[in-house]
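Q: I'd like to ask you about the structure that follows.
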Amino acid sequence: MPSSRTTSAYTPLQLPPRAMLSALWRVKSLMTDNYANMVAASIAFYGLLAIFPAIAALISIWGLVSDPLEVQQQIQAMNGIVPQEAVSIISQQAIKVSTNPQAGMSVTAIGGLLFTLYSASKGVRGFMAGLNIIYGEQEHRGLIHQALINVTLTLGLVLSTIITLAAIALVPAIIGYLPFGDLLSSIMLYARWPLMLMLVLFAIALLYRFAPDRRAARWQWLTPGALAATLLWLLGSAGFSIYVRNFSSYNETYGSIGAVVILLMWFWLSAYIVLLGAGINREFERETSTDTTVGAERPMGDRKAYAADTTASQDAAEKSSAG
1 MPSSRTTSAY
11 TPLQLPPRAM
21 LSALWRVKSL
31 MTDNYANMVA
41 ASIAFYGLLA
51 IFPAIAALIS
61 IWGLVSDPLE
71 VQQQIQAMNG
81 IVPQEAVSII
91 SQQAIKVSTN
101 PQAGMSVTAI
111 GGLLFTLYSA
121 SKGVRGFMAG
131 LNIIYGEQEH
141 RGLIHQALIN
151 VTLTLGLVLS
161 TIITLAAIAL
171 VPAIIGYLPF
181 GDLLSSIMLY
191 ARWPLMLMLV
201 LFAIALLYRF
211 APDRRAARWQ
221 WLTPGALAAT
231 LLWLLGSAGF
241 SIYVRNFSSY
251 NETYGSIGAV
261 VILLMWFWLS
271 AYIVLLGAGI
281 NREFERETST
291 DTTVGAERPM
301 GDRKAYAADT
311 TASQDAAEKS
321 SAG
C-alpha cells in the first residue's frame, strides 16, 4: 500500500483512515526487516529463566502471611489465557515449592528472588535493544544511564508481575473473608481481570516511553501501540491456548519438555507482540509532521527521535527521486 500524504495531526485519533492503514501496512516490513522474531526469542529466553525462581520467591513470601498452597490453587485461574500446559508446569512448580517444609522466607528464596531480578533485567535489556531497533534509534546513553533505566524498568516489571499474581491469588481469598453477597463477590472476582489488563497496558506504555534511546513520545502517541499490544496479547494468548490444546503435537515431539517449550513459545509470542505495538507507534508518528515528543514544539530534525524527525512521505519521495 502506498504511503499516505503527511498530515499535521496532534493525536493519533486525528489521523485519517488512509494514513492509519498506510502505517499498519509498513509495520509488517518493519518487523521482518529488523528481525523482530529473533529479538523476541532472546527476551523469551530470559523470561523463561526468571519464571521459576520468581514462583519460588513469591510462594516463600506469601508463606509468611498465609497458606502457600493458595497461590498454586489460584494459578489455575489463568487457564484459557495462558496455555494449559504452561499453567500446568507453573502450577507443578508452585506445588513443589509450597509443600517444602521450609517454604517460608529463606536464603534459597532470597537467592531465587535475586536470580529473578537478574534474569528479568536481562529481558528488559533485550527490550531496550529491541525497541531501539524498532524505533530506528542507536544506543548513545552511558552505561550508568542505561543501568538506571534497566533497574527502574526491571523493578517496575517485577512489581507489576507481583501485583498481577497477587490479584489472582489474593482477591478470592480476601473476598472469602468479607461479608459480601454472592452477586457482589462475583462482580469483584470478574473485575480483577479488566484491572489486570489495564496494568498490562500501563506497563507496556512505560516500556515504550522509557526503554528506547530517544526523546520520549507524548502519551497519546504511545497509546495506540500499547492498546493494540494488550488486545493482541490477550487474543494471541487465548488463540495459542486453543491451538496447543486442540491441534499441536508439542508433547509428542518434545516429550517431557513439551510443556517447557510451550511456555517458551508463549513468552516469545508475548515479546513479539510488545515489539509489534512499538512498530505501530513508530509508523503512526511518521504519518504527521507535528512534533510528537514531550516538551516544547521543535522543528523536524531537532526532535532527537527518528520517528518524529522523519515522515513516511519523505521516504517515498526519496525512493522516487532515486529511482
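The opening position of the sequence shown corresponds to residue 1 in full-length UniProt numbering, with each subsequent residue numbered one higher. Note that beta-carbon positions come from the ideal geometry of N, C-alpha and C, so glycine has one too.
#1: Alpha carbon to alpha carbon, how far is S91 from S270?
#2: Can you look up A36 in the DSSP assignment and give me helix, strand or coil?
#3: Whole angstroms is fine: what's the gap from S289's alpha carbon to L143's?
#4: Report the CB separation of T7 from L15 in whole angstroms; it is logged as a contact under 8 Å.
#5: Which same chain residues, not among the five before or five after Q314, have their C-beta less than 6 Å away from its C-beta?
#6: Straight-line CA distance for R18 to I273?
#7: DSSP three-state label for A308, please.
#8: Name the DSSP bridge partner or partners of A217?
#9: Output needed for S121: all residues of its chain with C-beta closer than 6 Å, excluding positions within five of it in sequence on either side, in chain order.
#10: For residue 325, count neighbouring Cβ atoms within 10 angstroms of its own Cβ and tell me buried if that reaches 16, exposed if not.
#11: For the alpha helix (DSSP H) that contains L222, what are its first and last residues?
#12: Tell me the rounded alpha-carbon separation between D291 and L30.
#13: Would you call the region 253-267 in contact with the region 298-306, where contact means no fewer than 3 C-beta pairs closer than 8 Å?
#14: Hey, would you say L263 sits closer than 8 Å to A203, going by beta carbons?
#15: Could you compute how far the alpha carbon of A259 sits from the alpha carbon of L24?
#16: Tell me the rounded alpha-carbon separation between I43 and L207.
#17: Identify which residue in P212, A191, I133 and S160 has its Cα closest to the Cα of Q146.
#18: Output yes or no for whether 8 Å exceeds the beta carbon distance between S237 and V82.
#19: Tell me, which residues are paired with T288 by DSSP?
#20: So is Y87 buried or exposed if we call it buried at 16+ other beta carbons inside 10 Å?
#21: Do you know how far the Cα of Q138 is from the Cα of L49?
#22: For F191, count the other beta carbons within 10 Å of its own beta carbon; 16 or more makes it buried, fewer makes it exposed. Which is it?
#23: Please classify G279 as buried or exposed, where buried requires at least 16 other C-beta atoms within 10 Å of its C-beta.
#24: Contact check, R214 vs A312 under 8 Å by CB: the rounded distance?
#25: Which whole-angstrom value is the C-beta distance of W221 and F284, which I expect to be below 8 Å?
#26: What does the alpha-carbon distance come out to for the pair A307 and T32?
#27: From F52, D309, T11 and Q84, pick the residue whose C-alpha is nearest to that of R245; which is it?
#28: Are T293 and A217 close, meaning C-beta to C-beta below 8 Å?
#29: Kindly provide the ranges of any alpha helix (DSSP H) runs that are 4 or more residues long and lie completely inside the region 229-290, ordered along the chain.
#30: Grab me the residues of L131's own chain with a C-beta within less than 6 Å of its C-beta, minus the 5 sequence neighbours each way, in chain order.
#31: Report yes if the C-beta distance between A9 and I134 is below 8 Å; otherwise report no.
#32: Cβ of A229 within 8 Å of Cβ of L276?
#33: Assuming G111 contacts G47 (C-beta within less than 8 Å), just tell me the rounded distance between them.
A: Looking at the atomic coordinates:
#1: Taking the first residue of the sequence shown as position 1, residue 91 is located at position 91. Taking the first residue of the sequence shown as position 1, residue 270 is located at position 270. Distance between the alpha carbons of S91 and S270: 20 Å.
#2: If you number the sequence shown from 1, residue 36 lands on position 36. Correct three-state label for A36: helix.
#3: As a first step, residue 289 must be located in the sequence shown, where it is residue number 289. As a first step, residue 143 must be located in the sequence shown, where it is residue number 143. Taking the straight line joining both Cα atoms gives about 33 Å.
#4: Here residue 7 refers to the residue found at position 7 when the sequence shown is read from its first residue. Here residue 15 refers to the residue found at position 15 when the sequence shown is read from its first residue. Right, their Cβ atoms sit about 6 Å apart.
#5: Along the sequence shown, read from residue 1 onward, the residue named residue 314 stands at position 314. Here the set comprises nothing.
#6: As a first step, residue 18 is located in the sequence shown; it is residue number 18 there, counting from the start. As a first step, residue 273 is located in the sequence shown; it is residue number 273 there, counting from the start. Rounded to whole angstroms, R18 to I273 spans 23 Å at the Cα level.
#7: The count along the sequence shown starts at 1 and reaches residue 308 at position 308. Reduced to three states, the DSSP call for A308 is helix.
#8: By one-based count along the sequence shown, residue 217 stands at place 217. Answer by DSSP bridge pairing, in chain order: T293.
#9: In the sequence shown, counting from the first residue as 1, residue 121 sits at position 121. Excluding positions up to five away in sequence, the list reads N150 and T154.
#10: Residue 325 lies beyond the stretch modelled for the chain, which goes from 1 to 323, so this question has no answer here.
#11: As a position in the sequence shown, residue 222 is number 222, starting the count at 1. Counting along the chain, L222 falls outside any alpha helix (DSSP H), and DSSP gives it neither H nor E.
#12: As a first step, residue 291 is located in the sequence shown; it is residue number 291 there, counting from the start. As a first step, residue 30 is located in the sequence shown; it is residue number 30 there, counting from the start. Taking the straight line joining both Cα atoms gives about 22 Å.
#13: no
#14: Residue numbering aside, residue 263 sits at position 263 when the sequence shown is read from its first letter. Residue numbering aside, residue 203 sits at position 203 when the sequence shown is read from its first letter. No, Cβ-Cβ distance for L263 and A203 is not below 8 Å.
#15: Counted from its first residue, the sequence shown places residue 259 at position 259. Counted from its first residue, the sequence shown places residue 24 at position 24. Using only the alpha carbons, I get a separation of about 34 Å.
#16: Here the question's residue 43 lines up with position 43 in the sequence shown. Here the question's residue 207 lines up with position 207 in the sequence shown. Answer to the nearest angstrom: the Cα atoms are 14 Å apart.
#17: Looking up residue 146 in the sequence shown gives position 146. When each option's Cα is compared against that of Q146, the closest is P212.
#18: Counted from its first residue, the sequence shown places residue 237 at position 237. Counted from its first residue, the sequence shown places residue 82 at position 82. Their beta carbons are under 8 Å apart, which means S237 touches V82 by this criterion.
#19: Within the sequence shown, numbered from 1, the residue matching residue 288 stands at position 288. In the DSSP output, where bridge partners are listed per residue, T288 has T7.
#20: Position 87 of the sequence shown holds residue 87. A quick correction: the sequence has Val, not Tyr, at residue 87. So V87 ends up on the buried side.
#21: Along the sequence shown, one-based indexing puts residue 49 at 49. Along the sequence shown, one-based indexing puts residue 138 at 138. About 28 Å.
#22: Taking the first residue of the sequence shown as 1, we reach residue 191 at position 191. Per the sequence shown, the amino acid found at residue 191 is Ala instead of Phe. Exposed: under 16 other Cβ atoms inside 10 Å.
#23: Within the sequence shown, numbered from 1, the residue matching residue 279 stands at position 279. Buried, by the Cβ-count rule.
#24: Within the sequence shown, the letter at position 214 stands for residue 214. Within the sequence shown, the letter at position 312 stands for residue 312. Not really, about 17 Å apart at Cβ, beyond 8 Å.
#25: Walking along the sequence shown from the start, residue 221 turns up at place 221. Walking along the sequence shown from the start, residue 284 turns up at place 284. Between F284 and W221 the Cβ distance is about 7 Å, and since that is below 8 Å, they are a contact.
#26: The sequence position of residue 307 within the sequence shown is 307, counting from 1. The sequence position of residue 32 within the sequence shown is 32, counting from 1. If I take the Cα positions, the gap works out to 18 Å.
#27: Counting from one through the sequence shown, the residue named residue 245 turns up at place 245. The shortest Cα separation from R245 among F52, D309, T11 and Q84 belongs to Q84.
#28: Position 293 of the sequence shown, counting from 1, holds the residue named residue 293. Position 217 of the sequence shown, counting from 1, holds the residue named residue 217. It is a contact, given that the beta carbons lie within the stated cut-off.
#29: 250-254 and 258-285
#30: Here residue 131 refers to the residue found at position 131 when the sequence shown is read from its first residue. The residues are A211, P212 and A278.
#31: For the purposes of this step, residue 9 is taken as residue 9 along the sequence shown, with counting starting at 1. For the purposes of this step, residue 134 is taken as residue 134 along the sequence shown, with counting starting at 1. Cβ distance not < 8 Å, so A9 and I134 don't count as in contact.
#32: As a position in the sequence shown, residue 229 is number 229, starting the count at 1. As a position in the sequence shown, residue 276 is number 276, starting the count at 1. Going by C-beta atoms, A229 is nearer than 8 Å to L276.
#33: Against the sequence shown, residue 111 aligns to sequence position 111. Against the sequence shown, residue 47 aligns to sequence position 47. So it is not a contact: roughly 19 Å between Cβ atoms.
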